[in-house]
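Participant: In order, the protein sequences belong to chains A, B and C. The first sequence maps to residues 5 to 247 in the numbering used here. The second sequence maps to residues 5 to 247 in the numbering used here. The third sequence maps to residues 5 to 247 in the numbering used here.
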Amino acid sequence: MFKLILSDPSIFKTSFEAISSIVDEVQIEVDSDGLRLNAIDRSHITFVHLDLKESLFDIFQCDKPIKLNIDTEELMKVLKRSKSDDVMELTVDGGNLIVTFEGEVKKTFKVKLIDLEYDTPTPPSIEYPVKISIPIGTLKETIQDIEIVADRVEFNINQDVLKLKAVGEFADAEVEYLHGEKVLETVKAVFAIENIKEMLKAEKFADNTYIALGNDMPLTLTLELLNEEGELSFLLAPRIEEE
Amino acid sequence: MFKLILSDPSIFKTSFEAISSIVDEVQIEVDSDGLRLNAIDRSHITFVHLDLKESLFDIFQCDKPIKLNIDTEELMKVLKRSKSDDVMELTVDGGNLIVTFEGEVKKTFKVKLIDLEYDTPTPPSIEYPVKISIPIGTLKETIQDIEIVADRVEFNINQDVLKLKAVGEFADAEVEYLHGEKVLETVKAVFAIENIKEMLKAEKFADNTYIALGNDMPLTLTLELLNEEGELSFLLAPRIEEE
Amino acid sequence: MFKLILSDPSIFKTSFEAISSIVDEVQIEVDSDGLRLNAIDRSHITFVHLDLKESLFDIFQCDKPIKLNIDTEELMKVLKRSKSDDVMELTVDGGNLIVTFEGEVKKTFKVKLIDLEYDTPTPPSIEYPVKISIPIGTLKETIQDIEIVADRVEFNINQDVLKLKAVGEFADAEVEYLHGEKVLETVKAVFAIENIKEMLKAEKFADNTYIALGNDMPLTLTLELLNEEGELSFLLAPRIEEE
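1. Whose Cβ in chain B lies nearer than 7 Å to the Cβ of C/Y181?
2. Which residues, taken in chain order from the region 62-94 of chain C, show a beta carbon closer than 8 Å to some beta carbon of chain A?
3. Please list, in chain order, the chain C residues whose beta carbon lies closer than 7 Å to that of B/K116.
4. Nearest by alpha-carbon distance to C/I215: which of C/V134, C/D75, C/G141 and C/S11 is it?
5. Expressed to the nearest angstrom, what Euclidean distance is found between the alpha-carbon atoms of C/K110 and C/E21?
6. List, in chain order, every chain A residue whose beta-carbon is nearer than 9 Å to that of C/T190.
7. Only counting the same chain, and skipping five residues up and downstream in sequence, which positions put a Cβ closer than 7 Å to that of C/L217?
8. Helix, strand or coil, according to DSSP, for C/A154 in the structure here?
9. Suppose the cutoff is 7 Å on Cβ atoms and the five residues either side in sequence are ignored; what does the same chain contact list for B/K201 look like?
10. So is B/T112 in contact with chain C if we call contact Cβ pairs under 8 Å?
11. Would the beta-carbon of B/I70 fall within 8 Å of that of B/V34?
12. Output needed for C/V249: all residues of its chain with C-beta closer than 7 Å, excluding positions within five of it in sequence on either side, in chain order.
13. Mark C/G112 as exposed unless 16 or more other C-beta atoms lie within 10 angstroms of its C-beta, in which case mark it buried.
14. Assuming A/S249 is part of the alpha helix (DSSP H), what are its boundary residues?
15. Return the residue from the list B/K205, B/T95, B/L239 and B/S24 that minimises the CA-CA distance to B/T126.
16. Do you know whose CA, among A/Q31, A/K87 and A/F64, lies nearest A/L117's CA?
17. Report buried or exposed for B/E151, applying the criterion of at least 16 other Cβ atoms within 10 angstroms of its Cβ.
18. Along the chain, which unbroken stretches of the beta strand (DSSP E) at least 3 residues long are found entirely within the region 105-152 of chain A?
19. Ignore the nearest five residues each way along the sequence and tell me which others in C/P128's own chain have a CB closer than 7 Å to its CB.
20. I'd like to know if B/D149 contacts chain A, where contact means its C-beta is closer than 8 Å to some C-beta of that chain.
21. So C/L54 and C/L72 are in contact, right, with Cβ under 8 Å, and what is the actual spacing, rounded?
22. Over the uninterrupted alpha helix (DSSP H) stretch that includes A/K201, give me the two end residues.
23. Is A/E207 close to chain C, meaning its C-beta is less than 8 Å from at least one C-beta of that chain?
24. Which residues in the same chain have their Cβ closer than 7 Å to the Cβ of C/I197, if we skip the five residues on either side of it in sequence?
25. What residue does the alpha helix (DSSP H) around B/L79 start on, and which one ends it?
26. So, with DSSP's three-state summary, where would you put A/S47?
27. Against chain B, with Cβ distances strictly below 8 Å, would C/I197 count as a contact?
28. Could one say the Cβ of A/E178 lies closer than 8 Å to chain C's Cβ atoms, at least one of them?
29. So with CB distances below 9 Å, who are the chain C contacts of A/T142?
30. Please confirm if A/I152 has its CB atom under 8 Å from at least one CB of chain C.
31. If you measure from the beta carbon of C/T50 to each beta carbon in chain B, is any gap under 8 Å?
32. Given C/Y122, which residues of its chain have a CB within under 7 Å of its CB, disregarding the five upstream and five downstream residues?
33. Contact criterion: CB-CB distance below 8 Å. Does A/T146 meet it with respect to chain C?
34. According to DSSP, which residues form a beta bridge with C/K7?
35. Give me the Cα-Cα distance between A/V179 and A/I9, rounded to the nearest whole angstrom.
36. If you draw a straight line from the C-alpha of C/D1 to the C-alpha of C/V96, how long is it?
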């Protein structure tokens, strides 16, 4: 018996906005604890991890662990058709994931599961010297500020501010955000703006957003649901700048 | 003497949104009863019928019957420049239809009438086994749901629901709408989504929308103004699916 | 010492929306009276003049006159990143104009000043027989009305109305606006719609908009801030129509 019911499809929708822009195919694992996925893009630049606890769902029935291999673009087309006040149901029938949205009308989509040799990548475990929180909307706008001058951005965190900066051909840009956290050292690393924008497509997942950083280390961006009912995190490889 | 005044141009605007996407040229007939047009697209797939009674107009002066042949795209460009609180006036001057919108400013457009051999197609009269009503906004959204998997849609009406469905390469879709009408048999027919979307451009014409259907018969979609002051209807040929 | 602070960047933003669509490079002159620029486009069709008095600024420090040569497109990219509730600061550092927006975050952009042989064009001084005022939003919409039939527009002012008109291939258009001013003669001139649309990009500069016109004379469009704290004006060469 496999049946998940969620009264707000928007967590799924916003997660897959980001996921489908990073990876073409993904393996969703479901067991009695919840639903999760780990994936890495072809170029091994972005690692993405989604974890939704069974307590988040209105109904969560999963007798035995199941793996669902799915084309993220096809699933995204379906999720886009949901409204925030629809009730979403996920079931499996033969080779299909059945996605139902029930609101004013009842919409049923059968999305073909795909054959996939999938070596689930292991989520890297990294110890970071610095961790701060920032509203995701602020981060998104800041990235758009930097984007007008360059396609790479330096993240620089010191004891007072998160500084995003870039040097362009015709102009330089620098944005400072007072983070208000206890930070003891200064760290910096450079990333491709394009990759950061992919992650930020999940902006509706949560207000609670965390950035973890170290010198020339990967960036970890974590979005957390309330009551620890779920988490979406990204780990982005740094660009090593030629001096 | 020919002069029509209508205090809300939006009925004309939304009608011609649909009409101009279906036919390039049209003959508008006006006599003392009102204004009407009948037209069929080049491929003979969609028949469109517009009927606006003289009682709908604030002023309706038409001494003798008149036929106005017009390029629908040119007329649409003009109608788009109207605002819902403008007063629209239609008159004729030599070879031109004069369209005036009076609001904060007074806008006068002269649209050239065209030479046209026009055999007015006769509105087909079809007896349908099944007829239901549906809010046009709901129908529009449902078509957008189906469109993500295919370019054709099966309309299927049984005693409880209107079901729209399609089988796609990567996913299938099915949307159910509880119609709440007395329907005694099940009927179905398949249509091209592109043609349905053309008709739905007239969505602002009326909330009262009716669908008439029979097995492999054309679809009739009718939008009716209050007090029987006007009607816009479409008749769409079915696609016969190869099994 | 050079430092200008303005509590609303939108006057700059809307000015340069228009200026950057007319000229690629511009020389901004600042002295103790305020900031101004005079520029003319490559084809010598549009002359633009901006004048912001020192009293408009929250802080205005300018010890000695300074000339800032700048690429308008690069500056516009930066100004687009401002929000209306940001505080804008302009300073100069070596070869850069430093533009700072301070709101929820602090954004600092360094825009490279350019080498430019710049012969400041002298603002032409023209005596006009007719001058009226019109809300800029109304003028903008009227131009969009005319644009559906042609790419040139005749401005025609008589004692009662400003009439904008054009004759097209398939339709003619004429829009009348009651100006309510004392006008003693009738004047008309023809302009390219494209050039008028460039000027109208500054629509947020001011509600007070004035049009000055004479027979086959240039059009002067003037936008004035309250309390004579600033002015943005355009002078547009007429098109002489072949009869």
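Ideal Cβ placement from N, Cα and C applies to all residues, glycine included.
Facilitator: With the given structure in hand:
1. V109
2. D75, E78, K81, V82, K84 and R85
3. F174 and A175
4. C/V134
5. 23 Å
6. Here the premise fails: no neighbours, minimum Cβ distance about 48 Å.
7. Y132, V134, F159, I161, V191, A193 and L223
8. coil
9. Residues of the same chain with a CB within less than 7 Å of the CB of B/K201, apart from the 5 flanking positions on each side, are I147 in chain order.
10. yes
11. yes
12. The structure shown does not extend to residue 249 of chain C, since chain C is modelled only from 5 to 247, so the question has no answer here.
13. Residue identity check: residue 112 of chain C is Thr in the sequence provided, not Gly. Counting Cβ neighbours within 10 Å, C/T112 comes out buried, since at least 16 surround it.
14. In the structure displayed, chain A extends from 5 to 247; residue 249 of chain A sits before or after that span and is not available.
15. B/L239
16. A/Q31
17. Burial call: buried.
18. Taken in chain order, the complete beta strand (DSSP E) segments of 3 residues or longer contained in the region 105-152 of chain A are 110-116 and 134-137.
19. F51 and L239
20. yes
21. About 13 Å; that fails the 8 Å criterion.
22. Residue range I197 to M203 is occupied by the alpha helix (DSSP H) that includes A/K201.
23. no
24. I147, I150, E151, D155, R156 and V157
25. T76 to L83
26. coil
27. no
28. yes
29. E108 and V109
30. yes
31. no
32. Q31 and N73
33. yes
34. C/Q65 and C/T95
35. 42 Å
36. Examination of residue 1 of chain C is not possible in this model, given that chain C is present from 5 through 247 alone.
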